Amino acid sequence: MSIGGTLSRMRVVISGASGFVGSWLIPDLLSRGIEVVRLVRGKTAPGGGGEASWDPSSGRLDPAILDGADVIVNLSGRNIASRRWTAAVKRELWESRIASTRTLVRAIHACSTPPALMISASATGVYGARDEIPVPEDAPAGSGFLPSLVRAWEQEAAGAAAAGTRVVMLRFGMIVGRGGALARMLPAFRLGLGGPVGNGRQTWPWIAMEDVLGVIERAMADPALEGPINAVAPQEVSSREFARTLGRILGRPAILPVPAWMIRVVLGEMGSALLLDGVHVKPARLLDSGYTFRVPNLASAIRKALD
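Put into C-alpha coordinates, the structure is as follows:
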(Lines of atoms letter the chains of each structure in order from A and count residues from 1; the text may use other names and numbers.)
(Lines give C-alpha, C1' and ligand atoms only; values in the text may rest on other atoms or scores of the structure.)
Protein backbone atom coordinates (compact mmCIF):
# COMPACT_ATOMS: atom_id res chain seq x y z
CA MET A 1 0.00 0.00 0.00
CA SER A 2 1.53 3.31 -0.98
CA ILE A 3 0.67 6.94 -1.40
CA GLY A 4 2.73 7.23 -4.57
CA GLY A 5 5.90 9.04 -5.59
CA THR A 6 4.30 12.19 -6.99
CA LEU A 7 3.61 13.57 -3.52
CA SER A 8 7.20 13.62 -2.26
CA ARG A 9 8.68 16.82 -0.84
CA MET A 10 5.42 17.57 0.96
CA ARG A 11 5.15 18.40 4.65
CA VAL A 12 2.16 16.67 6.23
CA VAL A 13 0.99 17.32 9.80
CA ILE A 14 -1.13 14.54 11.32
CA SER A 15 -3.33 14.52 14.41
CA GLY A 16 -4.56 11.21 15.80
CA ALA A 17 -1.42 9.65 14.37
CA SER A 18 -1.37 6.68 16.76
CA GLY A 19 -4.81 5.42 15.71
CA PHE A 20 -5.82 2.71 13.26
CA VAL A 21 -5.53 4.80 10.09
CA GLY A 22 -2.51 6.78 11.29
CA SER A 23 -0.54 3.62 12.01
CA TRP A 24 -0.83 2.71 8.31
CA LEU A 25 -0.69 6.18 6.80
CA ILE A 26 2.48 7.44 8.47
CA PRO A 27 4.83 4.60 7.40
CA ASP A 28 3.40 4.87 3.90
CA LEU A 29 4.08 8.61 3.70
CA LEU A 30 7.57 8.24 5.14
CA SER A 31 8.43 5.51 2.64
CA ARG A 32 7.75 8.06 -0.11
CA GLY A 33 10.07 10.68 1.32
CA ILE A 34 7.23 12.85 2.60
CA GLU A 35 8.00 14.84 5.74
CA VAL A 36 5.56 13.90 8.52
CA VAL A 37 4.94 15.84 11.72
CA ARG A 38 2.91 13.97 14.34
CA LEU A 39 0.92 16.07 16.80
CA VAL A 40 1.33 14.48 20.23
CA ARG A 41 -0.08 15.27 23.66
CA GLY A 42 1.83 15.48 26.92
CA LYS A 43 4.94 17.31 25.80
CA THR A 44 5.81 20.87 26.75
CA ALA A 45 7.85 21.59 23.61
CA PRO A 46 8.24 20.19 20.10
CA GLY A 47 10.00 16.85 20.27
CA GLY A 48 12.34 15.09 17.91
CA GLY A 49 11.51 12.50 15.32
CA GLY A 50 8.84 14.52 13.54
CA GLU A 51 6.75 15.25 16.64
CA ALA A 52 5.21 18.48 17.90
CA SER A 53 3.29 19.16 21.09
CA TRP A 54 -0.34 20.21 21.32
CA ASP A 55 -3.19 20.04 23.82
CA PRO A 56 -6.58 20.10 22.11
CA SER A 57 -8.47 19.91 25.41
CA SER A 58 -7.18 23.39 26.23
CA GLY A 59 -6.96 24.60 22.64
CA ARG A 60 -3.16 24.83 22.69
CA LEU A 61 -1.35 24.50 19.35
CA ASP A 62 1.44 26.76 18.14
CA PRO A 63 0.38 27.99 14.66
CA ALA A 64 4.05 27.89 13.60
CA ILE A 65 3.76 24.08 13.51
CA LEU A 66 1.15 24.33 10.74
CA ASP A 67 2.51 27.41 8.99
CA GLY A 68 3.42 26.59 5.40
CA ALA A 69 2.47 22.91 5.70
CA ASP A 70 1.13 21.31 2.55
CA VAL A 71 -1.46 19.09 4.23
CA ILE A 72 -3.12 18.66 7.63
CA VAL A 73 -4.65 15.21 8.18
CA ASN A 74 -7.07 15.27 11.10
CA LEU A 75 -7.63 11.74 12.46
CA SER A 76 -8.33 12.72 16.07
CA GLY A 77 -11.22 11.18 17.96
CA ARG A 78 -11.89 8.41 20.47
CA ASN A 79 -12.90 5.03 19.05
CA ILE A 80 -16.63 5.28 18.40
CA ALA A 81 -17.19 1.54 18.96
CA SER A 82 -15.03 0.86 22.02
CA ARG A 83 -17.68 1.19 24.73
CA ARG A 84 -21.42 1.42 25.31
CA TRP A 85 -22.59 5.00 24.82
CA THR A 86 -23.23 6.22 28.34
CA ALA A 87 -23.67 9.96 28.88
CA ALA A 88 -20.00 10.20 29.92
CA VAL A 89 -18.79 8.27 26.87
CA LYS A 90 -20.87 10.45 24.56
CA ARG A 91 -19.24 13.56 26.04
CA GLU A 92 -15.81 12.00 25.51
CA LEU A 93 -16.59 11.07 21.90
CA TRP A 94 -17.92 14.57 21.22
CA GLU A 95 -15.14 16.50 22.92
CA SER A 96 -12.34 14.38 21.41
CA ARG A 97 -13.52 15.31 17.91
CA ILE A 98 -14.82 18.83 18.32
CA ALA A 99 -12.03 20.20 20.53
CA SER A 100 -9.23 18.75 18.38
CA THR A 101 -10.74 19.96 15.10
CA ARG A 102 -11.51 23.40 16.52
CA THR A 103 -7.93 23.70 17.80
CA LEU A 104 -6.54 22.83 14.37
CA VAL A 105 -8.82 25.29 12.58
CA ARG A 106 -7.99 28.14 14.95
CA ALA A 107 -4.27 27.52 14.42
CA ILE A 108 -4.78 27.45 10.65
CA HIS A 109 -6.41 30.89 10.82
CA ALA A 110 -3.43 32.18 12.82
CA CYS A 111 -0.88 31.04 10.21
CA SER A 112 0.83 33.58 7.99
CA THR A 113 0.83 30.90 5.27
CA PRO A 114 -2.14 28.59 5.97
CA PRO A 115 -1.87 24.93 4.88
CA ALA A 116 -3.07 24.30 1.36
CA LEU A 117 -5.26 21.34 2.34
CA MET A 118 -6.98 19.92 5.40
CA ILE A 119 -8.20 16.32 5.19
CA SER A 120 -10.53 15.60 8.10
CA ALA A 121 -11.85 12.17 8.99
CA SER A 122 -15.61 11.81 9.07
CA ALA A 123 -18.10 8.94 8.90
CA THR A 124 -21.07 7.60 6.95
CA GLY A 125 -22.84 7.69 10.31
CA VAL A 126 -23.82 11.27 9.42
CA TYR A 127 -26.68 9.87 7.33
CA GLY A 128 -28.30 7.83 10.10
CA ALA A 129 -30.40 4.79 9.14
CA ARG A 130 -31.15 5.06 5.41
CA ASP A 131 -31.13 1.72 3.69
CA GLU A 132 -33.81 2.40 1.06
CA ILE A 133 -32.09 4.52 -1.59
CA PRO A 134 -28.48 5.52 -2.31
CA VAL A 135 -27.39 8.49 -0.24
CA PRO A 136 -25.46 11.25 -2.06
CA GLU A 137 -22.93 13.47 -0.32
CA ASP A 138 -25.31 16.43 -0.28
CA ALA A 139 -28.05 14.54 1.58
CA PRO A 140 -29.09 16.10 4.91
CA ALA A 141 -27.83 14.55 8.12
CA GLY A 142 -29.94 11.98 9.89
CA SER A 143 -31.26 12.21 13.43
CA GLY A 144 -29.76 10.91 16.65
CA PHE A 145 -26.47 11.16 18.48
CA LEU A 146 -24.13 9.85 15.78
CA PRO A 147 -25.43 12.03 12.91
CA SER A 148 -25.37 15.06 15.22
CA LEU A 149 -21.80 14.30 16.26
CA VAL A 150 -20.55 13.84 12.70
CA ARG A 151 -22.38 16.96 11.47
CA ALA A 152 -20.81 19.08 14.23
CA TRP A 153 -17.39 17.54 13.52
CA GLU A 154 -17.64 18.43 9.84
CA GLN A 155 -18.85 21.95 10.59
CA GLU A 156 -15.76 22.57 12.70
CA ALA A 157 -13.49 21.29 9.90
CA ALA A 158 -15.28 23.38 7.29
CA GLY A 159 -14.21 26.51 9.14
CA ALA A 160 -10.67 26.13 7.74
CA ALA A 161 -11.96 27.12 4.29
CA ALA A 162 -12.29 30.76 5.42
CA ALA A 163 -8.49 30.84 5.77
CA GLY A 164 -8.08 29.74 2.15
CA THR A 165 -7.43 26.10 3.00
CA ARG A 166 -9.11 23.47 0.84
CA VAL A 167 -11.10 21.15 3.10
CA VAL A 168 -11.91 17.51 2.33
CA MET A 169 -14.04 15.49 4.76
CA LEU A 170 -13.74 11.75 4.19
CA ARG A 171 -16.88 9.94 5.29
CA PHE A 172 -15.44 6.51 5.98
CA GLY A 173 -17.47 3.34 6.20
CA MET A 174 -16.16 0.36 8.17
CA ILE A 175 -12.43 0.18 7.44
CA VAL A 176 -11.35 -3.37 6.58
CA GLY A 177 -7.69 -3.89 7.39
CA ARG A 178 -5.37 -5.55 9.85
CA GLY A 179 -6.87 -4.38 13.13
CA GLY A 180 -9.98 -2.32 13.71
CA ALA A 181 -13.48 -3.81 13.48
CA LEU A 182 -12.31 -6.95 11.67
CA ALA A 183 -9.92 -7.85 14.49
CA ARG A 184 -12.80 -7.66 16.97
CA MET A 185 -14.90 -10.03 14.85
CA LEU A 186 -12.26 -12.67 14.26
CA PRO A 187 -12.30 -14.57 17.59
CA ALA A 188 -16.01 -15.47 17.31
CA PHE A 189 -15.81 -16.28 13.61
CA ARG A 190 -12.73 -18.48 14.06
CA LEU A 191 -14.70 -20.49 16.62
CA GLY A 192 -17.57 -20.89 14.15
CA LEU A 193 -19.78 -18.64 16.30
CA GLY A 194 -20.04 -15.71 13.88
CA GLY A 195 -23.03 -14.77 11.81
CA PRO A 196 -25.25 -11.96 10.57
CA VAL A 197 -26.39 -9.25 12.96
CA GLY A 198 -30.11 -8.72 13.43
CA ASN A 199 -32.06 -9.61 10.30
CA GLY A 200 -28.85 -9.48 8.25
CA ARG A 201 -30.36 -7.29 5.55
CA GLN A 202 -28.91 -3.93 6.66
CA THR A 203 -26.20 -2.49 4.41
CA TRP A 204 -22.74 -2.08 5.93
CA PRO A 205 -20.67 0.51 4.05
CA TRP A 206 -17.01 -0.52 4.08
CA ILE A 207 -13.64 0.42 2.58
CA ALA A 208 -10.33 -1.45 2.41
CA MET A 209 -7.35 0.11 4.17
CA GLU A 210 -5.58 0.15 0.81
CA ASP A 211 -8.28 2.50 -0.46
CA VAL A 212 -8.22 4.64 2.67
CA LEU A 213 -4.62 5.43 1.70
CA GLY A 214 -5.59 5.73 -1.96
CA VAL A 215 -8.39 8.19 -1.25
CA ILE A 216 -6.10 10.30 0.94
CA GLU A 217 -3.60 10.31 -1.94
CA ARG A 218 -6.32 11.41 -4.37
CA ALA A 219 -7.42 14.19 -2.03
CA MET A 220 -3.82 15.43 -1.80
CA ALA A 221 -3.30 15.35 -5.56
CA ASP A 222 -6.68 16.50 -6.91
CA PRO A 223 -7.56 20.15 -6.20
CA ALA A 224 -11.08 19.55 -7.53
CA LEU A 225 -11.96 17.34 -4.57
CA GLU A 226 -13.51 19.40 -1.81
CA GLY A 227 -16.12 19.07 0.93
CA PRO A 228 -17.70 15.78 2.02
CA ILE A 229 -16.61 12.63 0.18
CA ASN A 230 -18.20 9.20 0.65
CA ALA A 231 -15.11 7.05 1.25
CA VAL A 232 -16.72 3.65 0.76
CA ALA A 233 -16.19 0.77 -1.64
CA PRO A 234 -18.52 0.57 -4.66
CA GLN A 235 -19.44 -3.04 -3.81
CA GLU A 236 -22.16 -2.88 -1.17
CA VAL A 237 -22.71 -5.74 1.24
CA SER A 238 -25.30 -6.61 3.84
CA SER A 239 -24.51 -7.83 7.33
CA ARG A 240 -25.38 -11.35 6.13
CA GLU A 241 -23.08 -11.09 3.10
CA PHE A 242 -20.25 -9.77 5.23
CA ALA A 243 -20.61 -12.69 7.66
CA ARG A 244 -20.78 -15.29 4.87
CA THR A 245 -17.71 -13.85 3.17
CA LEU A 246 -15.66 -13.81 6.37
CA GLY A 247 -16.78 -17.30 7.31
CA ARG A 248 -15.94 -18.69 3.88
CA ILE A 249 -12.44 -17.21 3.96
CA LEU A 250 -11.83 -18.63 7.45
CA GLY A 251 -13.34 -21.99 6.52
CA ARG A 252 -15.91 -21.71 9.31
CA PRO A 253 -19.70 -21.67 9.35
CA ALA A 254 -21.17 -18.20 9.74
CA ILE A 255 -24.86 -18.89 10.19
CA LEU A 256 -25.53 -18.13 13.85
CA PRO A 257 -27.40 -14.82 13.88
CA VAL A 258 -26.86 -12.30 16.64
CA PRO A 259 -30.41 -11.26 17.59
CA ALA A 260 -31.23 -7.57 17.43
CA TRP A 261 -32.60 -7.66 20.99
CA MET A 262 -29.27 -8.94 22.28
CA ILE A 263 -27.38 -6.14 20.51
CA ARG A 264 -29.71 -3.57 22.05
CA VAL A 265 -29.44 -5.06 25.54
CA VAL A 266 -25.65 -5.51 25.52
CA LEU A 267 -24.52 -2.54 23.44
CA GLY A 268 -27.45 -0.17 23.69
CA GLU A 269 -27.63 2.85 21.38
CA MET A 270 -24.12 2.23 20.08
CA GLY A 271 -25.04 -1.26 18.88
CA SER A 272 -28.18 -0.03 17.16
CA ALA A 273 -26.41 2.83 15.38
CA LEU A 274 -23.32 0.90 14.26
CA LEU A 275 -24.65 -2.62 13.67
CA LEU A 276 -28.42 -2.63 13.19
CA ASP A 277 -28.96 0.61 11.26
CA GLY A 278 -28.05 0.18 7.62
CA VAL A 279 -27.17 2.97 5.24
CA HIS A 280 -27.05 2.75 1.45
CA VAL A 281 -24.00 4.85 0.46
CA LYS A 282 -22.38 5.32 -2.95
CA PRO A 283 -18.90 6.83 -3.51
CA ALA A 284 -20.33 9.19 -6.11
CA ARG A 285 -17.76 11.98 -5.94
CA LEU A 286 -14.82 9.60 -5.92
CA LEU A 287 -16.11 7.76 -8.96
CA ASP A 288 -16.86 11.04 -10.73
CA SER A 289 -13.28 12.13 -10.05
CA GLY A 290 -11.98 9.05 -11.89
CA TYR A 291 -10.69 7.33 -8.77
CA THR A 292 -10.09 3.60 -9.35
CA PHE A 293 -10.54 1.50 -6.25
CA ARG A 294 -7.53 -0.63 -5.39
CA VAL A 295 -9.57 -3.28 -3.54
CA PRO A 296 -13.23 -2.99 -4.58
CA ASN A 297 -14.11 -6.56 -3.55
CA LEU A 298 -14.82 -7.44 0.09
CA ALA A 299 -13.33 -10.94 -0.09
CA SER A 300 -10.08 -9.53 -1.45
CA ALA A 301 -10.02 -6.86 1.27
CA ILE A 302 -10.47 -9.46 4.02
CA ARG A 303 -7.80 -11.74 2.57
CA LYS A 304 -5.32 -8.87 2.38
CA ALA A 305 -6.11 -7.95 5.98
CA LEU A 306 -5.47 -11.53 7.12
CA ASP A 307 -2.20 -11.98 5.20
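Each residue of the sequence shown is one higher than the last, beginning at 166 in my numbering.
For each residue, glycine too, the CB sits at the ideal point set by N, CA and C.
Quantities reported herein were computed from a predicted structural model and do not represent experimental measurements.
Cβ shell of residue i (< 7 Å), same chain only, five flanking positions each side left out
{"i": "Ser277", "result": "Asp232"}
{"i": "Ala353", "result": "Gly359"}
{"i": "Gly170", "result": "For Gly170, the predicted structure reports a pLDDT of 47, less than 50, and the residue's modelled location is therefore unreliable. The matter cannot be settled from this model."}
{"i": "Arg225", "result": "Trp219"}
{"i": "Asn462", "result": "Gln400"}
{"i": "Ser465", "result": "none"}
{"i": "Gly184", "result": "Leu240"}
{"i": "Phe458", "result": "Asp376, Ala398 and Pro399"}
Coarse secondary structure for residue i, derived from DSSP in three states
{"i": "Gly187", "result": "helix"}
{"i": "Ala328", "result": "helix"}
{"i": "Val402", "result": "coil"}
{"i": "Thr266", "result": "helix"}
{"i": "Pro393", "result": "strand"}
{"i": "Asp193", "result": "helix"}
{"i": "Arg349", "result": "helix"}
{"i": "Arg295", "result": "strand"}
{"i": "Ala470", "result": "helix"}
{"i": "Ala321", "result": "Rather than Ala, the amino acid found at residue 321 in this sequence is Glu. It is helical."}
{"i": "Glu434", "result": "helix"}
{"i": "Val460", "result": "coil"}
{"i": "Ser261", "result": "helix"}
{"i": "Asp442", "result": "coil"}
{"i": "Ser465", "result": "helix"}
Cβ shell of residue i (< 6 Å), same chain only, five flanking positions each side left out
{"i": "Leu471", "result": "none"}
{"i": "Arg243", "result": "Glu257, Leu258 and Ser261"}
{"i": "Ala246", "result": "Leu439"}
{"i": "Gly443", "result": "Asp296, Gln367 and Thr368"}
{"i": "Pro422", "result": "Gly360 and Pro361"}
{"i": "Leu282", "result": "Val236 and Arg331"}
{"i": "Ala294", "result": "Asp442"}
{"i": "His274", "result": "Ala328"}
Sub-8 Å separation of residue i and residue j beta-carbons
{"i": "Asn395", "j": "Thr330", "result": "no"}
{"i": "Ile372", "j": "Gly345", "result": "no"}
{"i": "Ile428", "j": "Leu411", "result": "no"}
{"i": "Pro299", "j": "Thr268", "result": "no"}
{"i": "Val201", "j": "Val177", "result": "yes"}
{"i": "Val446", "j": "Val397", "result": "yes"}
{"i": "Val238", "j": "Ile340", "result": "no"}
{"i": "Arg383", "j": "Ser313", "result": "no"}
{"i": "Ala328", "j": "Leu240", "result": "no"}
{"i": "Gly433", "j": "Arg248", "result": "no"}
{"i": "Ile199", "j": "Ala217", "result": "no"}
{"i": "Gly215", "j": "Arg206", "result": "no"}
{"i": "Ala234", "j": "Pro305", "result": "no"}
{"i": "Gly436", "j": "Ser403", "result": "no"}
Distance between beta carbons of residue j and residue i, contact taken as under 8 Å
{"i": "Ser285", "j": "Ala322", "result": "4 Å"}
{"i": "Gly363", "j": "Ala408", "result": "That belief does not hold up - the Cβ atoms of Gly363 and Ala408 are roughly 11 Å apart, past 8 Å."}
{"i": "Ala272", "j": "Pro228", "result": "5 Å"}
{"i": "Ile467", "j": "Ile414", "result": "5 Å"}
{"i": "Gly357", "j": "Arg417", "result": "5 Å"}
Same chain, Cβ closer than 8 Å to residue i, neighbours up to 5 away in sequence not counted
{"i": "Glu319", "result": "Ser285, Ser287, Val291, Met334 and Pro393"}
{"i": "Trp189", "result": "Met166, Gly342, Met374, Val377 and Leu378"}
{"i": "Glu302", "result": "Arg336, Gly392, Pro393, Ile394, Asn395, Ala449 and Arg450"}
{"i": "Asp387", "result": "Ser454"}
Beta bridge counterpart(s) of residue i as assigned by DSSP
{"i": "Gly342", "result": "Gly344"}
{"i": "Phe337", "result": "Ala288 and Ala396"}
{"i": "Met283", "result": "Ile237 and Val332"}
{"i": "Ile372", "result": "Ile340"}
{"i": "Glu200", "result": "Arg176"}
{"i": "Arg225", "result": "Asp220"}
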